[in-house]
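Asks:
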Amino acid sequence: MKRLFLIWGLLILIYGVTFSQSYVGTDRCLTCHAYVKPVAKDYKQTLHAKIHLLPSAQTVRGDFTQTVSMGSSYGNALVRLRTDGSKWYAKLIPSSGDSVEYEIVYTYGFGWKQRYLVKIDSSYYMLPIQWNMKGYLDNSSGSWVPYVPGTWFNSDGTLKATNTNSFRAKSYDKNCVGCHATGLNITKYVSAQNDTFWIAKWANNNSINDMVIGCENCHGPGSDHASTGDKTKIINPKNLSYERQLEVCGQCHFRGTSSNGTHEYAWNEANNKGYIPGDSLGLYIVHAPGLWPDNYTSRMHHQQYDDILKSKHYSNPYHKLTCFECHDPHKVTGNPHQIVDSLYVRDQSGNYIWIKTSNDDNTLCLACHAGYGPFAGLTRAMIKDPVANKDTIASVVSRHTHHSYDPDNKNNTGGASRCSKCHMAKTAITAKAYDIHSHTFEVISPKKTLDYKTVTTPTKGMLNSCAASCHRNPTGNIPSFGIPTDANLTDWAETTDIQLADTLWRYFRAWWPTKVEQIASVVSTFELFQNYPNPFNPTTTIEFALPKRANVKLVIYDISGRVVKTLIDGQEYEPGLYRVEWNGKNDYGEYVSSGIYLYRLQAGDFVSTKKMVLVR
1 MKRLFLIWGL
11 LILIYGVTFS
21 QSYVGTDRCL
31 TCHAYVKPVA
41 KDYKQTLHAK
51 IHLLPSAQTV
61 RGDFTQTVSM
71 GSSYGNALVR
81 LRTDGSKWYA
91 KLIPSSGDSV
101 EYEIVYTYGF
111 GWKQRYLVKI
121 DSSYYMLPIQ
131 WNMKGYLDNS
141 SGSWVPYVPG
151 TWFNSDGTLK
161 ATNTNSFRAK
171 SYDKNCVGCH
181 ATGLNITKYV
191 SAQNDTFWIA
201 KWANNNSIND
211 MVIGCENCHG
221 PGSDHASTGD
231 KTKIINPKNL
241 SYERQLEVCG
251 QCHFRGTSSN
261 GTHEYAWNEA
271 NNKGYIPGDS
281 LGLYIVHAPG
291 LWPDNYTSRM
301 HHQQYDDILK
311 SKHYSNPYHK
321 LTCFECHDPH
331 KVTGNPHQIV
341 DSLYVRDQSG
351 NYIWIKTSND
361 DNTLCLACHA
371 GYGPFAGLTR
381 AMIKDPVANK
391 DTIASVVSRH
401 THHSYDPDNK
411 NNTGGASRCS
421 KCHMAKTAIT
431 AKAYDIHSHT
441 FEVISPKKTL
451 DYKTVTTPTK
461 GMLNSCAASC
471 HRNPTGNIPS
481 FGIPTDANLT
491 DWAETTDIQL
501 ADTLWRYFRA
511 WWPTKVEQIA
521 SVVSTFELFQ
531 NYPNPFNPTT
541 TIEFALPKRA
551 NVKLVIYDIS
561 GRVVKTLIDG
571 QEYEPGLYRV
581 EWNGKNDYGE
591 YVSSGIYLYR
601 LQAGDFVSTK
611 KMVLVR
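Per the UniProt record's numbering, residue 1 is the first one in the sequence shown, and the count goes up by one each step.
Structure representation (structure tokens):
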């Protein structure tokens with residue numbers, strides 16, 4: 001009983017600080033935190049703080065002298081943009097019928113792209129236009145594209161009525177606001193005529209300063225903390241369990257719906273309650289990520305949380321990576337995407353050191369990975385001074401990548417041997433195709449492009465890391481392998497894509513072959529032995545005997561007979577006893593799930609099959 005009370009007490013200490021508190025808004029937090037643990041000035045420059053702004057010459061990114069076509073699929077309807085003094089307008093011009101003009105009340109986005117909100121009755125709606133900037137925080141140029149024009153226009157270009165339930169179901173209040181405001185309350189209204197709509201309210205009477213991803217989105221409601229200064233009365237995500245830490249970011253960086261499917265953000269309809277850090281996010285969301293045909297790789301944005309749950313960084317028994325180890329949530333750093341500019345790590349001698357970090361010179365990854373696995377030949381002290389130790393670092397990393405070492409692209413190689421080029425290829429879209437990095441940290445094999453070449457939905461074919469990061473329509477010193485220019489960057493089933501994937505796969509499998517070890521030279525019979533250990537996790541060993549020279553094929557299948565991993569693919573071996581280790585990965589380099597697997601040896605006319613069990 002004492003233990004039960006102790007556990008209950010701990011839960012109250014961890015989560016109870018939010019039970020009776022209310023949201024005070026970001027300005028209240030920043031009043032003190034301009035001086036105490038000062039983050040106010042830095043936070044205000046982040047994209048979280050600029051997600052919504054009042055329109056002005058300083059905040060509007062798009063060119064409002066232009067007219068945007070919705071394209072032939074929507075009757076070439078238009079959206080004409082203009083300004084009048086301090087006001088910004090968009091006129092929706094249908095193919096026939098009357099035009100309608102709206103005043104823009106809020107911008108939506110600042111760093112990659114920008115959309116625009118208008119108000120109809122008591123709810124907000126996104127206009128069917130999007131301004132795509134040249135690059136991250138680079139608005140030196142840009143272009144307009146249609147954004148879900150089917151919300152506003154019919155296929156013949158006529159305008160849809162805005163007083164229908166089908167239109168109201170597309171409102172910002174219903175679908176978006178949960179990840180874009182602090183202290184949200186959402187109310188569903190149904191009139192006597194069955195008109196259904198949603199109205200969002202947020203902190204401080206819908207203050208524009210709380211139409212942000214603010215302090216309390218990550219730290220929970222802070223009225224008690226703000227009134228007392230007591231740091232035990234606010235959630236610090238670093239003090240939560242690992243799962244709960246990830247969920248703080250995952251509340252918005254997932255793709256799916258609310259618990260009952262009403263909204264596209266975290267919300268518990270049964271209790272009409274939004275997620276609070278420290279809660280179990282699973283009570284508020286249903287995952288439904290947008291994936292490539294492999295049903296694994298992200299092709300849509302804001303689903304990095306879905307990615308990391310699949311990654312080795314999530315299941316690593318030695319260290320489990322959190323989002324805010326790599327990204328600084330409080331400030332714009334010297335690196336894109338608020339990637340941390342330094343890490344405080346323990347070196348191999350046991351001393352803690354600061355390492356300046358960047359994605360583009362591999363220090364971000366090597367600050368942790370130095371000394372382990374393929375990077376055992378490096379120390380963290382070396383990574384602290386990557387210029388002085390470049391030759392040593394280059395030798396070790398190139399041995400792993402089989403590429404020259406030019407992560408910062410000084411030799412115009414496209415960033416050869418940069419960790420993220422292979423392990424975090426840009427696979428998803430936020431403004432333009434392939435501008436969001438995968439967070440599964442898996443290398444997407446060229447074999448996937450070959451295996452999914454006949455797929456037509458949800459995409460045409462399947463991308464791979466090698467092509468997407470470097471070799472598709474290469475420039476500079478990146479080899480093209482004689483493959484012609486690829487005409488359509490969103491179609492991965494073209495002849496050029498398949499030719500390139502076939503070439504890349506030949507290199508890929510030759511560089512990372514299965515290690516086959518001969519442990520004896522004289523045997524009397526063909527034999528395939530039972531793997532050991534069995535059951536196993538994470539690796540197992542398979543041995544086979546050849547009394548004479550033979551062409552060998554050793555393949556692992558799942559219980560339905562599908563090829564999982566080809567360990568040996570038709571190579572000639574001399575007589576002897578051989579040993580092969582399987583690491584539980586498939587031909588794509590992905591870890592497979594628990595289950596019964598078959599392994600089959602074919603050596604000349606000899607064929608044998610056995611079962612094994614993987615238990616994760």
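Yeah, the Cβ is synthetic: ideal placement off N, Cα and C, and Gly gets one too.
Roughly how many whole angstroms lie between the Cα atoms of Leu504 and Leu364?
Replies: The alpha-carbon atoms of Leu504 and Leu364 are separated by roughly 27 Å.
Asks: Closest to Ser56 by CA distance: which of Thr107, Thr46, Tyr318 and Lys384 is it?
Replies: Thr107
Asks: Tell me which residues share the same chain as Glu574 and place their Cβ nearer than 7 Å to its Cβ, disregarding the 5 neighbours each side in the sequence.
Replies: Arg549
Asks: Name the residue from Gly476, Phe508 and Leu463 whose alpha carbon lies nearest to the alpha carbon of Asn488.
Replies: Comparing Cα-Cα distances from Asn488 to each of Gly476, Phe508 and Leu463, the minimum goes to Leu463.
Asks: Quick one: Cα of Lys410 to Cα of Cys470, how far?
Replies: 15 Å
Asks: Exposed or buried, what is Pro94 when buried is set at 16 or more other beta-carbons lying within 10 Å of its beta-carbon?
Replies: buried
Asks: Where does the unbroken alpha helix (DSSP H) through Lys384 begin, and where does it stop?
Replies: Arg380 to Lys384
Asks: For Ala545, write down the residues that DSSP places opposite it in a beta bridge.
Replies: Glu527 and Leu577
Asks: Touch check for the region 265-281 and the region 235-252: three-plus C-beta pairs under 8 Å?
Replies: Output reads yes: the region 235-252 touches the region 265-281.
Asks: Determine, using beta carbons only, whether Arg418 and Asp491 come nearer to each other than 8 Å.
Replies: no
Asks: Run through the region 179-254 for me and flag every whole beta strand (DSSP E) of 3 or more residues, listed as ranges in chain order.
Replies: Those beta strand (DSSP E) runs which fall completely within the region 179-254 and span 3+ residues are 185-190 and 196-201.
Asks: Provide the residue span of the beta strand (DSSP E) that contains Val100, from first to last.
Replies: Start and end: Val100 to Glu103.
Asks: Among Gly584, Leu554, Arg299 and Trp582, which residue has its Cα nearest to the Cα of Gln571?
Replies: Leu554
Asks: Note down, in chain order, each residue of its chain lying with its Cβ closer than 6 Å to the Cβ of His437, except the 5 sequence neighbours on either side.
Replies: Met424 and Lys426
Asks: Is His471 helix, strand or coil when you go by DSSP?
Replies: helix
Asks: I'd like to check one pair, Gln348 with Thr392: are the Cβ atoms closer than 8 Å?
Replies: no
Asks: Just how far apart, CA to CA, sit Glu243 and Leu528?
Replies: For Glu243 and Leu528, the distance between alpha carbons rounds to 43 Å.
Asks: Which partner residues does Thr540 have in the DSSP bridge list?
Replies: Trp582
Asks: On the criterion of 16 or more Cβ atoms from any shown chain inside 10 Å, does Leu92 qualify as buried, or is it exposed?
Replies: Its Cβ being crowded by 16 or more others within 10 Å, Leu92 is buried.
Asks: For Arg61, which option in Pro277, Leu81, Ser69 and Gln518 has the closest C-alpha, if you only look at C-alpha atoms?
Replies: Leu81
Asks: Quick check: residue 618 and Ser521, are their CB atoms within less than 8 Å of each other?
Replies: As displayed, the chain neither begins before 1 nor continues past 616, which places residue 618 out of reach and without an answer.
Asks: Please go through the same chain and pick out, in chain order, the residues whose beta-carbon is closer than 7 Å to the beta-carbon of Leu291, but skip the five residues on each side of it.
Replies: Excluding residues within five positions, the ones whose Cβ falls inside 7 Å are Thr297, Ser298 and Arg299.
Asks: Compare the C-alpha of Tyr116 against each of Trp131, Ser122 and Ser123 and name the closest.
Replies: Trp131
Asks: May I ask you to report which of helix, strand or coil DSSP gives Val615?
Replies: coil
Asks: Tell me the rounded alpha-carbon separation between Asp435 and Thr459.
Replies: 17 Å
Asks: Report the residue ranges of all beta strand (DSSP E) runs contained in full by the region 59-85; include only those spanning at least 3 residues, in chain order.
Replies: 67-69 and 78-84
Asks: Would Met211 and Pro149 be called neighbours here (beta carbons separated by less than 8 Å)?
Replies: Contact annotation: Met211 and Pro149 have beta-carbon atoms that are not nearer than 8 Å.
Asks: So what's Leu450 in DSSP terms, helix, strand or just coil?
Replies: helix
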